[in-house]
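Numbering (mature numbering (1 follows the signal peptide of the UniProt record, and there is no 0)), first residue to last: -21 to -1, 1 to 99.
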């Protein structure tokens, strides 16, 4: 009987965690466009991570920045918002784990420039 209760409890917990969606502390992807106080990044990979059936829809995330957002190069040096370019690979870091599929307004604690876009 105890084993059955434990199994049921585990099943309910697994379902609850799955329903909540995956929360991430950070993710790496490319800048799709740059606006005033906002980066639009491709977040399809992180949203589709762990899904067995993935549709062909691409997801863009709006990342708001403010006076507390830190901008860094991958070596740790401070940089400016203006140093980011469309196509750059960046790491977006949140202040707490965030479900980017459900959150509508994402704010970055830190944005790290991993690689500049290739210039052709």
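Backbone N, C-alpha and C define an ideal beta-carbon position, used for all residues, glycine too. The structure displayed is predicted, hence computed values, not measured ones.
Pairing residue 17 with residue 63, the inter-Cα distance amounts to about 11 Å. Going by DSSP, residue 12 is part of the beta strand (DSSP E) stretching over 3 to 14. Within the model, the alpha-carbon separation for residue 14 versus residue 28 is close to 27 Å. Taking the Cα positions, residue 67 is about 17 Å away from residue 55. With 16 or more other CB atoms across the displayed protein chains lying within 10 angstroms of its CB, residue 10 is buried. Within 10 angstroms of the beta-carbon of residue 91 lie 16 or more other beta-carbons, which makes it buried.
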